[in-house]
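Just so you know, we're using full-length UniProt numbering here: the sequence shown kicks off at 1 and counts up by one.
Take a look at the structure below.
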Amino acid sequence: PQYGERSGRDATRGVKRTEQTERTERNANQNQNVLIVDHLNLNHQKGRHDLLSAFYFDLLGLAVDPRKEENVAKGKKTLWANAGIHQFHLPEGKPNAQVFDGVITLAYKDLRKVVARIEGRNPILDETSFAYEVDGTGGSIAVTDPWGTAFNLVEDPMGGALDPRGSQPGPASDALGMPDLC
Numbered sequence: 001p002q003y004g005e006r007s008g009r010d011a012t013r014g015v016k017r018t019e020q021t022e023r024t025e026r027n028a029n030q031n032q033n034v035l036i037v038d039h040l041n042l043n044h045q046k047g048r049h050d051l052l053s054a055f056y057f058d059l060l061g062l063a064v065d066p067r068k069e070e071n072v073a074k075g076k077k078t079l080w081a082n083a084g085i086h087q088f089h090l091p092e093g094k095p096n097a098q099v100f101d102g103v104i105t106l107a108y109k110d111l112r113k114v115v116a117r118i119e120g121r122n123p124i125l126d127e128t129s130f131a132y133e134v135d136g137t138g139g140s141i142a143v144t145d146p147w148g149t150a151f152n153l154v155e156d157p158m159g160g161a162l163d164p165r166g167s168q169p170g171p172a173s174d175a176l177g178m179p180d181l182c
């Protein structure tokens with residue numbers, strides 16, 4: 001084992017076990033792979049605060065962080081979008097947007113409000129890479145932001161994704177948190 005790791009053999013599988021393996025299994029058993037991510041940085045297309053606001057705030061229901069609220073009125077620079085204890089830092093690209101290479105999961109107590117916002121979305125999103133698909137059970141929604149970043153919105157009626165350690169400053173968001181990045 002590496003320094004600081006405890007090792008042993010799993011008698012049932014003959015697999016060498018480490019503390020990291022055990023932490024990963026514990027997290028998987030809790031349906032969460034992310035312990036905490038303070039923020040995820042995603043550049044948006046320079047000069048397109050309209051798309052940024054229409055998607056992250058109006059559609060996803062994330063909250064504008066008050067520390068960057070003045071930039072909403074200016075229509076330029078970085079915005080911070082809060083999702084429970086997690087946050088998206090959304091600076092302007094130079095000039096292009098950044099697309100996350102994976103899927104970002106956001107959890108909500110009830111997805112019906114999100115579906116209503118999708119159905120009543122700002123038509124400006126339809127001129128972009130925005131797309132969505134509601135699964136057959138209504139328990140999740142696959143959504144793509146205006147620049148191609150993929151999101152999985154999941155229903156969490158018991159509020160398990162709401163982190164007991166707190167939340168970012170300002171008003172609460174509809175999203176309880178960001179339980180997974182993959």
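Don't be surprised by glycine CBs; every beta carbon is placed ideally from N, CA and C.
Around GLY159, the same chain offers LYS109, LEU176 as residues with beta carbons nearer than 8 Å, after the five sequence neighbours per side are excluded. Rounded to the nearest whole angstrom, the CA to CA distance from LYS68 to TRP80 is 6 Å. By the C-beta density criterion, ASN41 is exposed, having fewer than 16 other C-beta atoms within 10 angstroms. Rounded to whole angstroms, the Cβ separation of LEU111 and ALA83 is 14 Å, and the two are not in contact under 8 Å.
Taking 3 residues as the shortest admissible run, the stretch 116-174 contains the following complete beta strand (DSSP E) segments, listed from N- to C-terminal end: 131-134, 140-144, 150-155. Here the alpha carbon of VAL72 sits roughly 36 Å from the alpha carbon of THR137. Burial state of ALA161 is buried, judged by a 10 Å Cβ sphere holding 16 or more other Cβ atoms.
Per DSSP, the beta bridge partners of HIS44 are GLU92. Closest by C-alpha distance to LYS76, out of ASP58, ASN96, HIS86, ASP50, is ASP50. Per the DSSP secondary-structure output, ASN82 pairs in a beta bridge with ALA63, GLN87. Straight through space, the alpha carbons of LYS74 and ASN152 are spaced by roughly 30 Å.
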